[in-house]
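> Shown below is the structure under consideration.
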Amino acid sequence: MLDRAFSAVFRNFSTLFLVAFLVAAPLHIGHAVMFEQVISVSELHPGIEGFPDERQVKSVGRAQLDAYRAASLGVLLLEVLLLPLMAGAARRAIRDDEEGKVPTATRAWRGALGELSGLFSGAARHPGVLLGGAAAAVVIGLLARRTGLVLTGFIPDDSDFIGVGLTNSLAHALALPLFFGVWAAATFDAPLDQKN
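Heads up: take any position in the sequence shown, counting from 1, add 388, and you land on the numbering used here.
Here is the structure:
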(Lines of atoms letter the chains of each structure in order from A; the text may use other names.)
(Lines give C-alpha, C1' and ligand atoms only; values in the text may rest on other atoms or scores of the structure.)
Protein backbone atom coordinates (compact mmCIF):
# COMPACT_ATOMS: atom_id res chain seq x y z
CA MET A 389 0.00 0.00 0.00
CA LEU A 390 2.85 2.41 0.83
CA ASP A 391 4.42 1.98 -2.61
CA ARG A 392 1.07 2.70 -4.32
CA ALA A 393 0.56 5.76 -2.12
CA PHE A 394 4.04 7.11 -2.91
CA SER A 395 3.45 6.39 -6.59
CA ALA A 396 0.29 8.53 -6.50
CA VAL A 397 2.15 11.28 -4.62
CA PHE A 398 5.09 11.39 -7.02
CA ARG A 399 2.81 11.24 -10.06
CA ASN A 400 1.07 14.38 -8.76
CA PHE A 401 3.99 15.96 -6.91
CA SER A 402 4.02 19.27 -8.76
CA THR A 403 0.38 19.86 -7.85
CA LEU A 404 0.88 18.73 -4.25
CA PHE A 405 3.99 20.91 -3.95
CA LEU A 406 1.93 23.94 -4.98
CA VAL A 407 -0.83 22.97 -2.54
CA ALA A 408 1.74 22.95 0.27
CA PHE A 409 3.61 26.04 -0.94
CA LEU A 410 0.42 28.10 -0.91
CA VAL A 411 0.20 27.39 2.82
CA ALA A 412 3.90 27.37 3.74
CA ALA A 413 5.09 30.46 1.86
CA PRO A 414 2.87 33.09 3.52
CA LEU A 415 3.43 31.57 6.95
CA HIS A 416 7.20 31.21 6.80
CA ILE A 417 8.00 34.32 4.80
CA GLY A 418 5.69 36.37 7.04
CA HIS A 419 7.37 34.88 10.11
CA ALA A 420 10.82 35.72 8.71
CA VAL A 421 9.81 39.31 7.93
CA MET A 422 8.35 39.77 11.42
CA PHE A 423 11.57 38.53 13.03
CA GLU A 424 14.09 40.00 10.60
CA GLN A 425 16.37 41.30 13.37
CA VAL A 426 16.34 38.02 15.30
CA ILE A 427 17.27 36.07 12.17
CA SER A 428 20.08 38.52 11.34
CA VAL A 429 21.84 37.61 14.60
CA SER A 430 21.11 33.87 14.46
CA GLU A 431 24.77 32.96 15.01
CA LEU A 432 24.65 34.86 18.31
CA HIS A 433 21.51 33.17 19.71
CA PRO A 434 23.40 30.93 22.18
CA GLY A 435 25.23 33.98 23.59
CA ILE A 436 22.09 36.12 23.74
CA GLU A 437 20.35 33.42 25.81
CA GLY A 438 22.87 34.08 28.59
CA PHE A 439 22.36 37.86 28.57
CA PRO A 440 20.63 39.74 31.38
CA ASP A 441 17.07 40.78 30.47
CA GLU A 442 17.97 44.36 29.48
CA ARG A 443 21.02 43.56 27.32
CA GLN A 444 20.53 43.35 23.53
CA VAL A 445 22.47 42.99 20.30
CA LYS A 446 20.95 44.83 17.32
CA SER A 447 17.70 45.22 19.31
CA VAL A 448 17.57 41.47 20.02
CA GLY A 449 17.55 40.18 23.57
CA ARG A 450 16.19 37.15 25.37
CA ALA A 451 12.61 38.42 25.11
CA GLN A 452 12.86 38.71 21.31
CA LEU A 453 14.38 35.20 21.10
CA ASP A 454 11.52 33.82 23.18
CA ALA A 455 8.95 35.59 20.99
CA TYR A 456 10.67 34.25 17.86
CA ARG A 457 10.60 30.68 19.16
CA ALA A 458 6.98 30.98 20.28
CA ALA A 459 5.99 32.32 16.85
CA SER A 460 7.95 29.50 15.17
CA LEU A 461 6.01 26.99 17.23
CA GLY A 462 2.77 28.78 16.32
CA VAL A 463 3.58 28.55 12.60
CA LEU A 464 4.32 24.83 12.95
CA LEU A 465 1.11 24.27 14.91
CA LEU A 466 -0.91 26.12 12.26
CA GLU A 467 0.59 23.91 9.55
CA VAL A 468 -0.30 20.80 11.56
CA LEU A 469 -3.87 22.06 11.99
CA LEU A 470 -4.11 22.65 8.22
CA LEU A 471 -2.87 19.14 7.35
CA PRO A 472 -6.40 17.69 7.02
CA LEU A 473 -7.32 20.46 4.60
CA MET A 474 -4.13 19.86 2.60
CA ALA A 475 -4.89 16.12 2.61
CA GLY A 476 -8.37 16.92 1.27
CA ALA A 477 -6.79 18.97 -1.51
CA ALA A 478 -4.40 16.10 -2.25
CA ARG A 479 -7.30 13.66 -2.36
CA ARG A 480 -9.03 15.91 -4.92
CA ALA A 481 -5.85 16.09 -7.02
CA ILE A 482 -5.34 12.31 -6.91
CA ARG A 483 -9.00 11.73 -7.76
CA ASP A 484 -8.70 14.11 -10.74
CA ASP A 485 -5.63 12.21 -11.92
CA GLU A 486 -7.45 8.88 -11.58
CA GLU A 487 -10.35 10.27 -13.62
CA GLY A 488 -7.99 11.29 -16.42
CA LYS A 489 -8.16 15.02 -15.67
CA VAL A 490 -5.10 17.20 -15.24
CA PRO A 491 -4.88 17.98 -11.51
CA THR A 492 -4.28 21.61 -10.59
CA ALA A 493 -3.61 23.25 -7.25
CA THR A 494 -6.56 25.62 -7.64
CA ARG A 495 -9.01 22.81 -8.39
CA ALA A 496 -7.49 20.77 -5.55
CA TRP A 497 -8.04 23.61 -3.07
CA ARG A 498 -11.56 24.25 -4.37
CA GLY A 499 -12.46 20.61 -3.74
CA ALA A 500 -10.56 20.21 -0.47
CA LEU A 501 -13.53 20.60 1.88
CA GLY A 502 -15.60 18.09 -0.07
CA GLU A 503 -12.84 15.50 0.29
CA LEU A 504 -12.48 15.67 4.08
CA SER A 505 -14.96 12.88 4.77
CA GLY A 506 -13.18 9.59 5.15
CA LEU A 507 -9.72 11.04 5.75
CA PHE A 508 -9.52 10.04 9.39
CA SER A 509 -11.13 6.63 9.02
CA GLY A 510 -8.86 5.94 6.06
CA ALA A 511 -5.86 6.97 8.13
CA ALA A 512 -6.92 4.65 10.95
CA ARG A 513 -7.04 1.71 8.51
CA HIS A 514 -3.44 2.27 7.36
CA PRO A 515 -1.31 3.58 10.25
CA GLY A 516 1.87 2.05 8.82
CA VAL A 517 1.40 3.92 5.57
CA LEU A 518 1.01 7.19 7.45
CA LEU A 519 4.08 6.44 9.51
CA GLY A 520 6.09 5.79 6.33
CA GLY A 521 4.88 9.06 4.83
CA ALA A 522 5.67 10.95 8.03
CA ALA A 523 9.19 9.48 8.19
CA ALA A 524 9.89 10.41 4.56
CA ALA A 525 8.52 13.93 5.15
CA VAL A 526 10.72 14.49 8.20
CA VAL A 527 13.88 13.27 6.44
CA ILE A 528 13.28 15.29 3.26
CA GLY A 529 12.22 18.37 5.23
CA LEU A 530 15.32 18.31 7.43
CA LEU A 531 17.65 17.74 4.47
CA ALA A 532 16.04 20.50 2.41
CA ARG A 533 16.10 22.95 5.31
CA ARG A 534 19.70 22.17 6.19
CA THR A 535 20.80 22.59 2.57
CA GLY A 536 18.87 25.84 2.23
CA LEU A 537 20.33 27.27 5.43
CA VAL A 538 23.84 26.49 4.21
CA LEU A 539 23.07 28.40 1.01
CA THR A 540 21.64 31.36 2.94
CA GLY A 541 25.08 31.74 4.49
CA PHE A 542 26.08 33.49 1.27
CA ILE A 543 23.41 36.17 1.75
CA PRO A 544 24.45 39.32 3.66
CA ASP A 545 23.31 39.32 7.30
CA ASP A 546 20.95 42.27 6.88
CA SER A 547 18.88 40.40 4.26
CA ASP A 548 19.34 36.76 5.21
CA PHE A 549 15.83 36.71 6.67
CA ILE A 550 14.58 36.46 3.06
CA GLY A 551 16.69 33.35 2.51
CA VAL A 552 15.54 31.82 5.78
CA GLY A 553 11.87 32.47 4.96
CA LEU A 554 12.22 31.00 1.47
CA THR A 555 14.24 28.04 2.76
CA ASN A 556 11.62 27.18 5.36
CA SER A 557 8.83 27.63 2.80
CA LEU A 558 10.49 25.38 0.24
CA ALA A 559 11.54 22.76 2.80
CA HIS A 560 7.99 22.46 4.08
CA ALA A 561 6.52 22.51 0.57
CA LEU A 562 8.84 19.64 -0.39
CA ALA A 563 8.20 17.62 2.76
CA LEU A 564 4.51 18.10 3.55
CA PRO A 565 3.19 16.41 0.37
CA LEU A 566 5.01 13.23 1.36
CA PHE A 567 2.80 13.06 4.44
CA PHE A 568 -0.54 14.56 3.41
CA GLY A 569 -0.33 13.05 -0.08
CA VAL A 570 0.30 9.57 1.31
CA TRP A 571 -2.51 10.16 3.81
CA ALA A 572 -4.88 11.10 0.99
CA ALA A 573 -3.81 8.20 -1.22
CA ALA A 574 -4.28 5.72 1.64
CA THR A 575 -7.95 6.68 1.98
CA PHE A 576 -9.00 5.35 -1.41
CA ASP A 577 -10.80 2.01 -1.05
CA ALA A 578 -10.00 0.78 -4.55
CA PRO A 579 -6.35 0.31 -5.50
CA LEU A 580 -4.89 3.34 -7.19
CA ASP A 581 -4.34 2.94 -10.90
CA GLN A 582 -0.69 2.29 -11.72
CA LYS A 583 -0.04 4.73 -14.55
CA ASN A 584 3.32 4.99 -16.23
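We put the beta carbon where it would ideally sit given N, CA and C, even for glycine.
Let me know the secondary structure DSSP gives V538 once reduced to three states.
In the sequence shown, residue 538 corresponds to position 150, counting from 1. Helix.
> Once DSSP output is grouped into helix, strand and coil, what is the label at V407?
Taking the first residue of the sequence shown as position 1, residue 407 is located at position 19. In the structure shown, V407 sits in a helix (DSSP, three-state: H, G or I).
> V445 bridges to which residues according to DSSP?
Here residue 445 is taken as the residue at index 57 of the sequence shown, counted from 1. Answer is V448, bridged to V445.
> Using the three-state DSSP reduction, which class does K583 fall into: helix, strand or coil?
Locating residue 583 in the sequence shown gives position 195, where the first residue counts as 1. The predicted model places K583 with a pLDDT of 48, which falls under 50 and marks its position as unreliable; any figure quoted below should be read in that light. If DSSP states are grouped into helix, strand and coil, K583 belongs with coil.
> Taking one C-beta from the stretch 518 to 532 and one from the stretch 555 to 575 each time, how about it: are there three or more such pairs within less than 8 Å?
These segments touch.
> Does the beta-carbon of P565 have 16 or more other beta-carbons within 10 angstroms, so that it is buried, or is it exposed?
Here residue 565 refers to the residue found at position 177 when the sequence shown is read from its first residue. Classification for P565: buried.
> Taking the continuous alpha helix (DSSP H) assigned at I427, which residues delimit it?
On the sequence shown, residue 427 is found 39 positions in, with the first residue counted as 1. That run of the alpha helix (DSSP H) goes 424 to 428.
> What do you reckon, are the CB atoms on N400 and P544 nearer than 8 Å?
If you number the sequence shown from 1, residue 400 lands on position 12. If you number the sequence shown from 1, residue 544 lands on position 156. No, these two residues do not count as a Cβ contact at 8 Å.
> Measuring straight from C-alpha to C-alpha, what distance separates P414 and G506?
Locating residue 414 in the sequence shown gives position 26, counting from the first residue. Locating residue 506 in the sequence shown gives position 118, counting from the first residue. If you take the alpha carbons of P414 and G506, they lie about 29 Å apart.
> On a CA-only basis, which of F568, F576, A573 is nearest F405? Give me that one, please.
Stepping through the sequence shown from its first residue, residue 405 is reached at position 17. Checked all of F568, F576, A573; the closest Cα to F405 is F568.
> Judging by CA-CA distance, which residue of L501, D441, S460 is the nearest neighbour of I417?
Taking the first residue of the sequence shown as 1, we reach residue 417 at position 29. Taking only the C-alpha atoms, the option nearest I417 is S460.
> Alpha carbon to alpha carbon, what distance is there between T555 and T575?
Counting from one through the sequence shown, the residue named residue 575 turns up at place 187. Counting from one through the sequence shown, the residue named residue 555 turns up at place 167. If you take the alpha carbons of T575 and T555, they lie about 31 Å apart.
> Roughly how many whole angstroms lie between the Cα atoms of V397 and E442?
Mapped onto the sequence shown, residue 397 falls at position 9. Mapped onto the sequence shown, residue 442 falls at position 54. So the alpha carbons of these two residues sit roughly 50 Å apart.
> Out of V463, I550, A525, point me to the one whose CA is closest to V411's CA.
Residue 411 sits at position 23 when you count from the first residue of the sequence shown. Ranking V463, I550, A525 by Cα distance to V411 puts V463 first.
> May I ask you to report which of helix, strand or coil DSSP gives N556?
Within the sequence shown, the letter at position 168 stands for residue 556. Note: N556 maps to helix in three-state DSSP.
> Since A493 contacts V407 with CB under 8 Å, what's their CB separation in whole angstroms?
For this step, residue 493 is matched to residue 105 along the sequence shown. For this step, residue 407 is matched to residue 19 along the sequence shown. Right, the Cβ-Cβ distance comes to about 5 Å (below 8 Å), so this counts as a contact.
> Out of G520, R513, R483, point me to the one whose CA is closest to G502's CA.
One-based indexing of the sequence shown puts residue 502 at position 114. Taking only the C-alpha atoms, the option nearest G502 is R483.
> Identify which residue in S509, F409, S395 has its Cα closest to the Cα of G553.
For the purposes of this step, residue 553 is taken as residue 165 along the sequence shown, with counting starting at 1. The option with the nearest alpha carbon to G553 is F409.
> Please report the distance separating the alpha-carbon of V426 from that of A523.
Along the sequence shown, read from residue 1 onward, the residue named residue 426 stands at position 38. Along the sequence shown, read from residue 1 onward, the residue named residue 523 stands at position 135. So the two alpha carbons sit approximately 30 Å from each other.
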